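Chemist: Pasting a structure here, questions to come.
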Amino acid sequence: MNPWVSLFSGGKDSSWALYRALQRGAPLERLVTVHPSGDSYMYHVPATELAGLAAESIGIPLVDVRPADFDATADSAEGSGERGDRELEPLEAALEDLAAELGGIGGVTAGAVESSYQTDRIRGMCDRLDAELFAPLWRADPRELADSMLEAGFEITVVRVAAAGLDESWLGRRLDAEAFADLERIGEERGVHLLGEGGEFETLVTDGPHMDRPIRLEYDTEFDGMRGTVRITDAWLGASE
């Protein structure tokens, strides 16, 4: 079986896809993290600089992909579809290089939940690479996914908010059963997706069954009344538990 790679941001969705692939015995040999320097239609943006620490804890080598700032290079007449295709190019080039290095890629994991915009492009890329797409979150029930992550022992920290109903108190908050219950209530009132699929919030997995050591953080928070971000000031791997 050819080696697999995992599209990995360090957030809950890509981490869950990685974990599920490991559970089923996929031969994962690389994690691949795209680090956009500006806003992105295709990729998780905040805290990707911690993917290296997560990879060290997981024990799988990480490949960093650092494209140019998508906003700075965008054509003002460019449509969202063209933008997504262009954002995919550096990732696909990196995977082509990996396929040459590894003797092919058998499968790619992705944390897609509901976005056809992202998933259709990743599926097309996998077809061109002759690789299986493994997307275990795709169109799954959000409540069941949230429960499964907690039952598995994922520790999930909110690192960005951008929706009505999510104030500064959510920055750095751990997503436990109480937090998900609060998100369900806010979702009923404000339409926030339980897993943040609409960009309402972003996360970082700081520990889980696929990790040997937890990620410890020191950080400040920034909040402008509508949007907020955790600014990491220090991060390290704690002792094995």
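Residue numbering for the sequence shown is 8 to 248, as defined by the numbering used here.
Beta carbons are placed, not taken as given, at the ideal position from N, Cα and C, and that holds for glycine.
Predicted model only: the values in this text are computed from it and were never measured.
1. Any beta carbon from chain C within less than 9 Å of Gly-245's own beta carbon?
2. Can you grab the Cα-Cα spacing for the pair Val-72 / Val-41, in whole Å?
3. Considering Cα atoms alone, identify which of Ala-54, Asp-174, Glu-63, Ala-58 is closest to Gly-311.
4. Rounded to whole angstroms, what is the Cα-Cα separation between Trp-11 and Leu-38?
5. Is it true that the CB of Val-120 sits closer than 9 Å to the CB of Leu-144?
6. Within this structure, are the beta carbons of Leu-57 and Ala-242 separated by less than 9 Å?
7. Write down every uninterrupted run of the beta strand (DSSP E) in the segment 137-195 whose length is 3 residues or greater and which is fully enclosed by it, in chain order.
8. Using CA coordinates, which residue listed in Asn-9, Ser-22, Met-8 is at the minimum distance from Val-212?
9. Residues in its own chain within less than 8 Å of Arg-31 by CB, not counting five upstream and five downstream?
10. Which residue from Met-218, Leu-201, Arg-167, Glu-108 puts its Cα closest to that of Ala-159?
11. Under the assumption that Gly-172 contacts Glu-196 (Cβ atoms under 8 Å), give the Cβ distance between them as a whole number of angstroms.
12. Restricting to runs no shorter than 3 residues, where is the beta strand (DSSP E) found entirely within the segment 17-74?
13. Output needed for Ile-129: all residues of its chain with C-beta closer than 6 Å, excluding positions within five of it in sequence on either side, in chain order.
14. For the beta strand (DSSP E) that contains Phe-282, what are its first and last residues?
Modeler: The relevant details are as follows:
1. Absent from the structure is chain C; it holds one protein chain and no more.
2. Start at 1 with the first residue of the sequence shown, and residue 72 comes out as number 65. Start at 1 with the first residue of the sequence shown, and residue 41 comes out as number 34. Distance between the alpha carbons of Val-72 and Val-41 is about 5 Å.
3. Lying before the first or after the last residue shown, residue 311 is absent from the chain, which here runs from 8 to 248.
4. Translated into the one-based positions of the sequence shown, residue 11 becomes position 4. Translated into the one-based positions of the sequence shown, residue 38 becomes position 31. Spanning the two alpha carbons is a distance of roughly 9 Å.
5. By 1-based counting over the sequence shown, the position of residue 144 is 137. By 1-based counting over the sequence shown, the position of residue 120 is 113. Yes, these two residues count as a Cβ contact at 9 Å.
6. Position 50 of the sequence shown, counted from the start, is the residue given in the question as residue 57. Position 235 of the sequence shown, counted from the start, is the residue given in the question as residue 242. One thing to note: Leu-57 has its Cβ within 9 Å of the Cβ of Ala-242.
7. Fully enclosed beta strand (DSSP E) runs of 3 or longer: 139-141, 162-168.
8. As a first step, residue 212 is located in the sequence shown; it is residue number 205 there, counting from the start. The residue from Asn-9, Ser-22, Met-8 with its alpha-carbon nearest to that of Val-212 is Ser-22.
9. Counted from its first residue, the sequence shown places residue 31 at position 24. Cβ neighbours of Arg-31 beyond the five flanking positions: none.
10. Within the sequence shown, residue 159 is the residue found at index 152, counting from 1. Taking only the C-alpha atoms, the option nearest Ala-159 is Met-218.
11. In the sequence shown, the residue the question calls residue 172 occupies position 165. In the sequence shown, the residue the question calls residue 196 occupies position 189. Contact holds; Cβ gap of about 6 Å.
12. When DSSP assignments are scanned along the segment 17-74, the uninterrupted stretches of beta strand (DSSP E) that are 3 or more residues long and fall wholly within it turn out to be 35-41, 69-72.
13. The sequence position of residue 129 within the sequence shown is 122, counting from 1. Excluding positions up to five away in sequence, the list reads Ala-117.
14. Residue 282 is absent from the model: the chain starts at 8 and stops at 248.
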